[in-house]
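Which chain is which? The protein sequence lines are V and B, in order.
Read left to right, the first sequence gives residues 158 to 470 (the working numbering).
Read left to right, the second sequence gives residues 5 to 356 (the working numbering).
Quick reminder that beta carbons are idealized off the backbone N, C-alpha and C, glycines included.
Given the structure is predicted, the values throughout are model-derived calculations rather than measurements.
Input: a single structure, listed below in structure tokens.
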Amino acid sequence: MAEQRDAANQATWIDRFSGLPEARRSLILLSPAFALIGAFGLAPLCLILVYSFLVPGTYGGVVWEFSLDAYIQFLFERDIFDGTLAFNASYLQIGARSVILAGLAVVGCLLIGFPTAYFIATRPPGLRNVLIFLVTVPFWTNLLVRTFSMMLILRDQGPLNSILMDIGITGQPLSLLYTDFAIGLGLLYSFLPFMVLPIYASLERIDFRLVEAAYDLYANRWKVLQRILIPLSLPGIAGGCFLVFIPSLSSFLAPDLLGGGKHLMISNLIAQQFGTARNWPFGAAAAMILLSLVLIALMIYARQTARRERKVV
Amino acid sequence: MTKVFQAGSAESVTALDEVSLAIRDNEFFTLLGPSGCGKTTLLRLIAGFEQVTQGNILLFGDDVAGLPPHKRPINTVFQHYALFPHMTVAENVAFGLRMLRRDKAEIRRTVETMLTLVKMPELADRKSSQLSGGQQQRVALARALANHPRVLLLDEPLSALDLKLRQEMRLELKTLQRETGITFIFVTHDQEEALTMSDRIAVLQAGRIQQVGTPDTIYEQPANSFVANFMGETNLLPAVLGTAERDMISCLLEGGAEVLAQPVGNEAAGSRVTLSLRPERIVLSADPGTGLAGRITDRLYRGTDTSYRVKLEDGPELLVYEQNVADRSSGMSAGNSVGVLIAPGAARILVS
């Protein structure tokens, strides 16, 4: 009896729910997700935004007083004695380094990732799945551990230097570690799968009869790549570029470990301000600047996608 | 030439076995056969997408067997057209000429001419993904013809079109071939398509050429029972050869009915052969007294003609087509006795 009543109750509850208008139903179903994003995504972001307009407390924290100093500090240095502003490029340099290193990581990932994706996409289907699985294997290991292993490889007594010395390219160890090169290499290594996977996804969907048709119409390999494969996999290429660019731009580990804290990227600056420097508003302002850089990148991507879709339809 | 896939492995498949064909200049040549007979493989070999295992492909005297597809003066119209979806119609048509680094003005002129030739000049700026099947077909044709290839390969280009359009395109293709003077090598599994369009047909089966000839030779004088059966409907009848009478030889069907056929080779009297008897060559008479005695077992009205199944007395069942030229329903329904008239020479003796 009790079970029957339960079942009946349940039925009416479901009936009542499905009787609601579509929009209400979606809202109810989405509410847990909204709550989660609001509490852990939106709220901290608002907090950071507010903090960036406050005055730093002496021992960390903030003083609740409106100020644009944090943003001004990014470009100018205030003289301690007379309070005049002088242009200071050092923070701007960190921003520029971040953008340039992220850009180079994108270029490197593209040069390695496209041939890799093409190779995988042209294998028989069974082998393809195995290879794609192998591409994702690095994700199983902590990024910190992987970055540490990069340090071991690159350091003066590391395997890379001993190989270079053994084959006589260099007489003494090259200082590879703690350079921009090391950071770039770290970014390239960390985010390469983000380039391979979307390009593979779009290459795999290409009808390879089109490639045959192009060969038939007197196109050589290079022309097939240039006129058929690249244009048709452009959505994947663009997606891969942004998937590499955005995390590279905000990367913390690679510059921290491989750059040795000397070659800062914007994330390291933020961490420093919230940590040792105890200038929370400046850290928050740097975070907002990073966020706007990412948003600009995303907007460019969204606009390009929209334009491409208009062109296709 | 011979084409073996995965040669040397346990799964090796001989797709084409010592195929030898001579195709003439300016010819509409059709490779006809059921699916899996090797006709598409043969086309791909000519185009250069596959390499021959053994043998040569001579194009106007030059061996092209080792050349990659983009170095052969041959173009293909693919079964599913394979138009480049990211290009306009005009860009598609211009593709080959651009790859050949032709002069820009010349390319523009040729594209215009080609689109006019296939009757769709107003769609030049459309994306190829916005076209209907028939339009895509025409663009694919224009794209291949724009390069003035010495040979045009067509891989079942009409199979994806609906019936009406297919019939229209048959005529158009034939006209195009005559106007351009380019050798067309056309692959199809549709015998009607092959018969209506071709100058000559090669019938393929199991990687071997069964017969090469003009459409009427292939239809009227099939070389073997496969060709006879594949080219339209036919009655394949086991028979025993009798004596020659003037230029005809008498053949005895099961049940004792006698049919006169033209002798082929020098088969001895008493040997067993197969006769091919086309259903439209048999005439039915409502009077059971004329010709061979038979009984209608089935009657199917098909618009232009009526198809009958007629059982000969003690003999085989025959398929008979009769054109519906006059109203003749009386005495011709299932169960009626009829006379079956088979003209001398209507049946053909098959060698194998």
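Contacts around residue i, its chain only, beta-carbon distance under 6 angstroms, and the 5 residues preceding and following it disregarded
{"i": "A441/V", "result": "I205, Y208 and S209"}
{"i": "L400/V", "result": "F351"}
{"i": "Q430/V", "result": "N436, F439 and G440"}
{"i": "D318/B", "result": "G259"}
Contacts around residue i, its chain only, beta-carbon distance under 7 angstroms, and the 5 residues preceding and following it disregarded
{"i": "P153/B", "result": "P77, I78, N79 and I186"}
{"i": "E146/B", "result": "Sequence inspection shows Ala at residue 146/B; the Glu mentioned does not correspond to that position. Cβ neighbours of A146/B beyond the five flanking positions: V97, M118, L119, L121 and V122."}
{"i": "T184/B", "result": "L149"}
{"i": "R384/V", "result": "A371 and A376"}
{"i": "V68/B", "result": "I61 and R76"}
Close beta carbons around residue i, own chain, < 8 angstroms, minus the five adjacent residues each side
{"i": "Q195/B", "result": "L36, F234, M235 and G236"}
{"i": "A338/B", "result": "I300, T301, D302 and R303"}
{"i": "R254/V", "result": "D337, H420, L421 and M422"}
{"i": "T304/V", "result": "G343, S347, L410, A411, L414 and L415"}
{"i": "S275/B", "result": "V244 and L245"}
{"i": "R102/B", "result": "I111"}
Residue i vs residue j beta-carbon contact at 8 angstroms
{"i": "L71/B", "j": "G59/B", "result": "no"}
{"i": "G42/B", "j": "G211/B", "result": "yes"}
{"i": "V115/B", "j": "A94/B", "result": "yes"}
{"i": "A150/B", "j": "T92/B", "result": "no"}
{"i": "G260/V", "j": "M307/V", "result": "no"}
{"i": "A261/B", "j": "I253/B", "result": "no"}
{"i": "P320/B", "j": "L257/B", "result": "yes"}
{"i": "F88/B", "j": "S136/B", "result": "no"}
{"i": "L311/V", "j": "L334/V", "result": "yes"}
{"i": "F471/V", "j": "Q250/V", "result": "The displayed coordinates of chain V run from 158 to 470. Any statement about residue 471/V would go beyond what the structure contains."}
{"i": "T278/B", "j": "L240/B", "result": "yes"}
{"i": "L47/B", "j": "D159/B", "result": "yes"}
{"i": "V342/B", "j": "G298/B", "result": "yes"}
{"i": "E392/V", "j": "R465/V", "result": "At residue 392/V the sequence reads Pro, which differs from the Glu that was named. Contact: yes."}
{"i": "H90/B", "j": "L360/V", "result": "no"}
{"i": "I269/V", "j": "L349/V", "result": "yes"}
{"i": "D309/B", "j": "N340/B", "result": "no"}
Length of the line joining the Cα atoms of residue i and residue j
{"i": "L455/V", "j": "I289/V", "result": "26 angstroms"}
{"i": "L242/V", "j": "A227/V", "result": "13 angstroms"}
{"i": "G396/V", "j": "Y458/V", "result": "8 angstroms"}
{"i": "L177/B", "j": "V231/B", "result": "25 angstroms"}
{"i": "L208/B", "j": "C266/V", "result": "50 angstroms"}
{"i": "F33/B", "j": "V344/B", "result": "38 angstroms"}
{"i": "P404/V", "j": "L414/V", "result": "16 angstroms"}
{"i": "P316/V", "j": "S449/V", "result": "40 angstroms"}
{"i": "L281/B", "j": "T44/B", "result": "30 angstroms"}
{"i": "G176/V", "j": "R182/V", "result": "9 angstroms"}
{"i": "T293/V", "j": "I394/V", "result": "18 angstroms"}
{"i": "A11/B", "j": "T221/B", "result": "Because the pLDDT of A11/B is 43, which lies under 50, any placement of that residue in the model is unreliable, and the number read from its coordinates should be weighed accordingly. Between A11/B and T221/B, the C-alpha separation is close to 36 angstroms."}
{"i": "Y85/B", "j": "L367/V", "result": "9 angstroms"}
{"i": "V212/V", "j": "I340/V", "result": "33 angstroms"}
{"i": "G246/B", "j": "A273/B", "result": "5 angstroms"}
{"i": "A350/B", "j": "D21/B", "result": "34 angstroms"}
{"i": "R170/B", "j": "L193/V", "result": "59 angstroms"}
{"i": "L354/V", "j": "F271/V", "result": "10 angstroms"}
{"i": "T192/B", "j": "L291/V", "result": "43 angstroms"}
{"i": "R106/B", "j": "R362/V", "result": "32 angstroms"}
{"i": "A227/B", "j": "A358/V", "result": "51 angstroms"}
{"i": "F197/V", "j": "L184/V", "result": "19 angstroms"}
{"i": "T215/V", "j": "E222/V", "result": "14 angstroms"}
{"i": "G217/B", "j": "E197/B", "result": "15 angstroms"}
{"i": "T179/B", "j": "G269/B", "result": "39 angstroms"}
{"i": "V170/V", "j": "A200/V", "result": "According to the sequence shown, residue 170/V is Trp rather than Val. Going from the Cα of W170/V to the Cα of A200/V covers about 33 angstroms."}
{"i": "V56/B", "j": "V287/V", "result": "32 angstroms"}
{"i": "P388/B", "j": "K108/B", "result": "Beyond the ends of chain B as shown, which are 5 and 356, falls residue 388/B; an answer cannot be given."}
Residue i CB to nearest heavy atom of the ligand ATP below 7 angstroms
{"i": "V244/B", "result": "Absence of the ligand ATP from the depicted structure is noted, as is the absence of any ligand whatsoever, leaving it without description."}
query: Do three or more CB pairs link the segment 378–393 of chain V to the segment 404–419 of chain V at distances below 8 angstroms?
result: no
message: When you compare the segment 23–43 of chain B with the segment 415–433 of chain V, are there three or more beta-carbon pairs, one atom per stretch, that lie closer than 8 angstroms?
response: no
Stretch-stretch touch, CB-based, cutoff 8 angstroms, three pairs: the segment 135–144 of chain B with the segment 155–167 of chain B: yes
- prompt: For the segment 158–239 of chain B, which segments carrying the beta strand (DSSP E) assignment without a break, of at least 3 residues, lie completely within its bounds, in sequence order?
  reply: 187–192, 204–209 and 212–217
- prompt: Counting Cβ pairs closer than 8 angstroms, one from the segment 295–310 of chain V and one from the segment 363–374 of chain V, do we hit at least three?
  reply: no
task: Please specify which runs of the beta strand (DSSP E), each continuous and at least 3 residues long, are wholly inside the segment 257–338 of chain B, giving them in chain order.
output: 262–266, 276–281, 286–289, 296–305, 309–316 and 321–327
- request: Could you tell me which uninterrupted beta strand (DSSP E) segments, each at least 3 residues in length, are contained entirely in the segment 388–455 of chain V, listed from first to last along the chain?
  value: none
- prompt: Which ranges would you report for the alpha helix (DSSP H) in the segment 223–276 of chain V if only whole runs of at least 4 residues count?
  reply: 226–232
message: As an exercise, report each continuous alpha helix (DSSP H) stretch of at least 4 residues that is fully enclosed by the segment 305–356 of chain V, in chain order.
response: 316–323
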